[in-house]
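These notes are about the structure you will find just below.
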Amino acid sequence: MPEDTIVAIATPPGRGGIGIVRLSGDRALEIAAGSIRFPRLETAEALEPQRATLGEFCEPGSGRALDQVLVTYFRQPHS
């Protein structure tokens, strides 16, 4: 049975230099690939599970990098 794909802020309220966003569900990798570019990887599918990978969060349409991100990918059932 497919599950919903969700995006949620995972950092507590307040000020800080780092924010955590959790993206999970059947379409998580597909959605991430549409917003995040990984300069050292051919595609998002090449992400190594349970290893942090540096990427760039990009503006839709133009593809302009807006910020650096650190992505850690966990495949089911290890998420």
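Heads up: the sequence shown begins at 124 in the numbering used here, then just goes up one per residue.
Just so it is clear, CB atoms sit at the ideal spot from N, CA and C, and this is done for glycine as well.
Keep in mind it's a predicted model, so treat the numbers as computed, not measured.
Point to revise | residue 133 vs residue 150 beta-carbon contact at 7 Å | key: Note that the C-beta distance between residue 133 and residue 150 is not below 7 Å.
Review point. CB-CB under 8 Å to residue 148, same chain, minus the five flanking residues each way: which ones, in chain order?
Key: The beta carbon of residue 148 sits closer than 8 Å to those of 126, 127, 128 and 129, all from its chain and outside the five residues before and after it, given in chain order.
Exercise for review: Return the Cβ separation of residue 170 and residue 177 in integer angstroms, given the expectation that the two are a contact with Cβ distance under 8 Å.
Suggested key: Not confirmed; about 11 Å, so no contact.
Point to revise | Segments of 4+ residues assigned as alpha helix (DSSP H) that fall wholly inside the segment 150-186 | key: As far as the segment 150-186 is concerned, its whole alpha helix (DSSP H) runs of at least 4 residues are 151-158.
Practice item. Between the Cα of residue 143 and those of 172, 192 and 153, spot the shortest distance and give me the residue it belongs to. Key: 192
Check your understanding: Which two residues bound the contiguous beta strand (DSSP E) that contains residue 191?
Key -> 188-195
Check your understanding: From what residue to what residue does the beta strand (DSSP E) around residue 132 run?
Key -> 129-132
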